[in-house]
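K.L.:
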Amino acid sequence: MSPVISLQAVKKAFQHQPVLKGVSFDVLPGQTLAFLGRNAAGKTTTIRMLLGLIPPDSGTITVLGHDPFRQPVEVRRRVGYLAEDQTMFGWMTVAEILRFMAPFYPTWDHALAGEYVRQFELPPATKIRRLSKGQNVRLGLVLALAHRPELVILDDPALGLDPIMRREFNRDLISHLQGGGRTVFYSSHLLYEVEPIADQIAILDEGTIVRHGPTEQVLHEVKRIVVSLAAYGRLDENWTVLDLRRSGDEVALTIDHADAAIAHLAAHALPHRVIDLNLDEVFEAFVGGNKGVSGVARADTCDPVAVSAAVR
Amino acid sequence: MAPTWFALIGKECHEQKWKLASLAAIVLAVQVSLTQTDGKFDPFAMYLTQALCAPPIALFIAMGVAAGESAAGTLEFMRALPIPRRQFATVRLMVGAATCLAAIGLPTQLVMWWATATGAFDWTAWTTTSGESNFGLGQHPDVVLYGLPACFALCLYVWAVAAAIGQPTELRAGLWALAVWIVWLIAAPASDLWLPGWSVRLHSLGPLYWMGSAPQEIALVAWPQIFIAAALAASSIARYGRLARADNRSPAEITGPEGSAGFAIGRACGSRLSAMLWMQLRQATPLTMIGPGALALILLMITCSPAYGPHVGVLELLAMGVYISAVPIGLLTALIVAVGSFVPDLQRGLLEFWRSRPITPTRWFWTKYLVGAAALAVFLASPMLAGAWLAGDVEAQFVPLLITVPWMLLPAYSIAVCCACMVRQAVYAGILALATSVGLMLLVFRLAARFTDLIPLSPLHVIDRLSYHARLAIVAADRLRYDDTLLYTGFVIEMVTVAAVAALLAWRSIARPTRFAS
Amino acid sequence: MFIRIEKGSTVPISRQIMDQIRALCLAETLKPGDQIPSVRQLARELAVNQNTILRVYERLAGEGMLERRHGDGTYVAPHPPTWRMESQRQKFTEELNQLVSQGTLLGLTRDDLHLLVDDALDHRPTAEQPAAPSSVSGAS
């Protein structure tokens, strides 16, 4: 099964400021990938490259079997796209923009567009510049979905939706897109919303993918382990420590691929507690966790050599 | 003064400084190129350049002052600041006024210094010799060269701001300001129809009074003018930053109509071409109509004006109306159509929207460009050509102008499109486009005058030559026949070439992908 | 079939759903032979990825709790596996042990704990038994 989206070592810099430092990942047909990252982590840049709006400095991008920068029209016809804070022609009415956009897509389903307008409670005769923020996002969704695209790329779609609409939208995403076997690539800040929906998550931080995998697998593999300071000093395994905190004479380590670590601790009969984490905590450990390391390294009772060995 | 005043003044100055620099540079260029003949400085030409430059300067600055904040989306932010709205509005209006004065005063001062220092102009000789002529320039040179232009620019500015306040975008603000000026321009003479003797009085209270009046007349209306300007400024300050109309939506608009019958979205466009045609026509046509609208108003004014008695034929009046307004209105309309239909689509958000749809920038640009040009041709150029055809029997001098102007629309439109695509900001694109179009016309003219062996293809020169032929034809009591086809063909080729170069430059700047850097 | 998902919990969504369906089967709120919603229906209703629901159903079918009939849907298996009951019982014992130790920490005596358990047993049947089944079947 050839991937719908494939990035190989993609790099991009703006004014010598690297934004993406070698991003590689694949999205397989039918998958729903949630693309997570902090603001300015490079999510929007990646999405713009998927649509061929900007070329990568190096590396290759394939979307639906095409290079989006060389064959942008072919790619965009088969992709539904909703930009973050999407601006549309303010002087057109809702109905007018749908009539206007229709001929650009060979697969446009005008009846479906009308159905979405009804479902999303959009006023068709109102000018776009008079729509509220939520209505604007929903109109953008109609434009992204009405041509029944094979791949849907959504940049923070839940941003303008209230909780009720968000739930409705998630349901539609599940029945219409996942049910129809379509591939969905979306970025979001609302991790609670992402968790039930996404097959896969990819976490982007400072221009690299720091974790990519099936949602529940990632949740299962990242654990927080609390050990005593004394026991911590005796650790010398090469674990992927994402976050390190000290409280009193205990040390809390957030570890990726924690099964091996737990097995190791058990084998050496070191007393420890294992704490499950939710997606929020996992995300935080990946994108913001490194700061904790120095805090413990400074701890005087702790052997610095052992700490550095444990950290990397 | 409290520190908030300084902060506000600093912010406004920061916003105006580039506008001031670009406008002053343009005024300087116009003045340097127009005020000398045969190495001599001509103060009267100076006065004329000021009269020429003041309206665009006032317009551009007023557009920014009245609608810049709401167009940039910072109005909400300013409204939320813990300072009175009026304080902010006062500073904004005042700094704008100061910019207006500086944009016209600084270049004037520079040119005067330069003319005096190089000996191109002898002030005392001029004052003693020229007497009463030229609006009292000889007797009150300071008033005429500094006072009148300052008052003119300020008065235009205050009226423009008062007319434009509350508009959501700079383009709409500019259109409102223009509309008020033009209405006054027409209303004052037309008022004589119903109120005999009032046209002068009305004119003296309006925004266009200051240039063309002698200093003695001006003293009479100075106080009423000051009173009116103060009232307009106060009303502008009071109205600035009030809740925009978009916020006053009716509940029905927010919630949408009830019942499924209200959700009809109509039939889809048949093809990409028809969709693009529809879009650009919807965007460009209302703007294009400004040209014929203004023409019609001016014709109405002329036809109604008692200055022209019944002995003047209607056809002649029509031709004359088109004649006097063809160049300014034609250029301005071409500029508004280009800037108004290109700049909004090139703003960050909208640009990303249509660029991410399945259409190539090349196709988008050329459809838009050609439809805009076609709209100009249909709604503006064809009435002018029709006017030329009608006038051919009556006033042969008008004909050359009416034939050349439609051809000048094309390069003016292309240059404005080019500026809009490169600058992507309405006010600056407008300034740059106007300066480039006028500059190109003047530059070619001056070069042609200096090097007569070059083929002179400036529009002004062509008009001149064709008028000469037309006069010959009248003398010969013959119907018009132009045999200078080489000149005319050359002119058309030149205009089309300039237009094509500008359009290609615009297309290149659109097609480049790098503009997306965040 | 009522299922409640707690978002942001440390328990993965699939485990939450699996535990609740299993509990409903063991409590016989879902009776052997009952049809349960299709993967699509449940996914839409809960706004949860279809693959997640599919995994849950397959896992439960693997345990013998559910029965997937090709082209017909998913049913509660006629004979819930007894070994599953064993493991549930074991889990319950563990939880009870934890509760007891917590109670001891709070200073409850052996007699206090006995009394509390007696109270809970006394209250249970009258409060819960009649209402549950009818409302449950109505929802799916």
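Residue numbers (the numbering used here), protein chains in the order written: chain A, 1 to 312; chain B, 1001 to 1518; chain C, 2001 to 2140. Where is the CB? At the ideal position from N, CA and C, for every residue including glycine.
State the start and end residues of the unbroken beta strand (DSSP E) segment that holds T2074 (chain C).
P.N.:
From DSSP, the beta strand (DSSP E) with T2074 (chain C) extends over 2073-2076.
K.L.:
Which same chain residues, not among the five before or five after V1427 (chain B), have their C-beta less than 6 Å away from its C-beta?
P.N.:
Correct list, in chain order: F1060, M1063, G1064, E1170.
K.L.:
Using a Cβ-Cβ distance under 8 Å, would R171 (chain A) count as near chain B?
P.N.:
Chain B, which has no Cβ nearer than 8 Å to the Cβ of R171 (chain A), makes this no.
K.L.:
Could you confirm whether any beta carbon from chain A is found closer than 8 Å to the beta carbon of P2037 (chain C)?
P.N.:
No, no contact with chain A.
K.L.:
Short of 7 Å in beta carbon distance, which residues of its chain neighbour L190 (chain A), apart from the five on each side in sequence? Order them along the chain.
P.N.:
Closer than 7 Å at the Cβ level, and outside the excluded window around L190 (chain A), lie A158.
K.L.:
Would you mind reading off the limits of the alpha helix (DSSP H) that contains V1095 (chain B)?
P.N.:
Unbroken alpha helix (DSSP H) run through V1095 (chain B): 1085-1117.
K.L.:
Using a 10 Å radius around the Cβ and a threshold of 16 neighbouring Cβ atoms, would you call R1512 (chain B) buried or exposed?
P.N.:
That one is exposed.
K.L.:
Spell out whether any CB of chain C is found under 8 Å from the CB atom of T254 (chain A).
P.N.:
So, not an interface residue.
K.L.:
Along chain C, which residues have their Cβ under 8 Å away from the Cβ of P3 (chain A)?
P.N.:
The contacting residues do not exist; P3 (chain A) stays about 17 Å from chain C at best.
K.L.:
Residues of the region 2005-2020 of chain C with a CB closer than 9 Å to any CB of chain A: list them in chain order, please.
P.N.:
Cβ contacts with chain A come from I2005, K2007, G2008, S2009, T2010, V2011, P2012, I2013, S2014, R2015.
K.L.:
Give me whichever residues DSSP pairs with K11 (chain A) in a beta bridge.
P.N.:
In DSSP, K11 (chain A) forms a bridge with A:K21, A:S58.
K.L.:
May I ask you to report which of helix, strand or coil DSSP gives E195 (chain A)?
P.N.:
It is helical.
K.L.:
Report back the beta-carbon spacing between L151 (chain A) and V79 (chain A) to the nearest angstrom; my notes put them in contact at under 8 Å.
P.N.:
Going by Cβ atoms, the distance from L151 (chain A) to V79 (chain A) rounds to 5 Å, so yes, they are a contact pair.
K.L.:
On the criterion of 16 or more Cβ atoms from any shown chain inside 10 Å, does G1096 (chain B) qualify as buried, or is it exposed?
P.N.:
Classification of G1096 (chain B): buried, given that the 10 Å Cβ count is 16 or more.
K.L.:
Return helix, strand or coil for L1480 (chain B), following the three-state DSSP convention.
P.N.:
Low confidence applies here, because L1480 (chain B) scores a pLDDT of 48, under 50, leaving its location unreliable; read the following figure in that light. Looking at L1480 (chain B) - three-state DSSP - the assignment turns out to be coil, as it is neither helix nor strand.
K.L.:
For R2040 (chain C), would you say it is in contact with chain A, using Cβ-to-Cβ distances shorter than 8 Å as the test?
P.N.:
Yes, R2040 (chain C) lies at the interface with chain A (some Cβ there is under 8 Å from its Cβ).
K.L.:
Helix, strand or coil, according to DSSP, for K2031 (chain C) in the structure here?
P.N.:
Here K2031 (chain C) sits in coil by DSSP.
K.L.:
Quick check on the DSSP output: the alpha helix (DSSP H) that includes I164 (chain A) runs from which residue to which?
P.N.:
Segment 163-172, the alpha helix (DSSP H) holding I164 (chain A).
K.L.:
Where does the unbroken beta strand (DSSP E) through S247 (chain A) begin, and where does it stop?
P.N.:
Note, S247 (chain A): beta strand (DSSP E), 240-247.
K.L.:
Restricting to Cα atoms, I'd like to know which of B:L1295, B:L1370, B:F1152, B:P1055 is closest to Y1520 (chain B).
P.N.:
This structure cannot speak to residue 1520 (chain B), because chain B is shown only from 1001 to 1518.
K.L.:
Under 8 Å between C-beta atoms, does L219 (chain A) make it to chain C?
P.N.:
Interface residue, yes.
K.L.:
Specify the secondary structure class of F100 (chain A) as computed by DSSP and reduced to three states.
P.N.:
In the structure shown, F100 (chain A) sits in a helix (DSSP, three-state: H, G or I).
K.L.:
Would you report the Cα separation of I153 (chain A) and A1066 (chain B), rounded to the nearest angstrom?
P.N.:
Distance between the alpha carbons of I153 (chain A) and A1066 (chain B): 39 Å.
K.L.:
Entirely within the region 2054-2123 of chain C and at least 3 residues each: give me those beta strand (DSSP E) ranges in chain order.
P.N.:
Here the runs fully enclosed are 2066-2069, 2073-2076.
K.L.:
Could you list which residues in chain A have their beta carbon closer than 7 Å to that of Q2090 (chain C), in chain order?
P.N.:
Simply none; closest approach about 20 Å.
K.L.:
Cα separation between R1249 (chain B) and L1023 (chain B)?
P.N.:
Low confidence applies here, because R1249 (chain B) scores a pLDDT of 44, under 50, leaving its location unreliable; read the following figure in that light. In a straight line, the C-alpha of R1249 (chain B) is about 38 Å away from that of L1023 (chain B).
K.L.:
Quick check on A2047 (chain C) - is its C-beta less than 8 Å from some C-beta in chain A?
P.N.:
Yes, because at least one Cβ of chain A sits closer than 8 Å to the Cβ of A2047 (chain C).
K.L.:
Would you report the Cα separation of T1489 (chain B) and V1498 (chain B), rounded to the nearest angstrom?
P.N.:
Their Cα atoms are separated by approximately 14 Å.
K.L.:
Quick one: what's got a C-beta closer than 7 Å to L161 (chain A)'s C-beta in the same chain, skipping five residues either side?
P.N.:
Result list for L161 (chain A): G134, V137, F169, in chain order.
K.L.:
Is the Cβ-Cβ distance between N2049 (chain C) and P196 (chain A) less than 8 Å?
P.N.:
Yes, they are a contact pair.
K.L.:
For Y105 (chain A), which residues in chain B fall below 9 Å Cβ to Cβ?
P.N.:
In chain order: R1357, P1358.
K.L.:
I'd like the list of long-range same chain contacts for P1286 (chain B), defined as Cβ closer than 6 Å, with 5 residues on each side in sequence excluded.
P.N.:
Excluding sequence neighbours, P1286 (chain B) sits near nothing in its chain.
K.L.:
Excluding the 5 residues flanking K291 (chain A) on each side, which residues of the same chain have their C-beta closer than 8 Å to its C-beta?
P.N.:
Reliability fails at K291 (chain A), whose pLDDT of 47 lies under 50, so the model's placement of it is uncertain and the value that follows must be treated cautiously. Here the set comprises nothing.
K.L.:
State the DSSP-derived secondary structure class of H264 (chain A), mapped to helix, strand or coil.
P.N.:
Helix, per DSSP.
K.L.:
Helix or strand or just coil, what does DSSP make of Q1347 (chain B)?
P.N.:
Residue state, collapsed to three classes: coil.
K.L.:
State buried or exposed for A2120 (chain C), treating a residue as buried only when at least 16 other CB atoms are found within 10 Å of its CB.
P.N.:
A2120 (chain C) comes out exposed.
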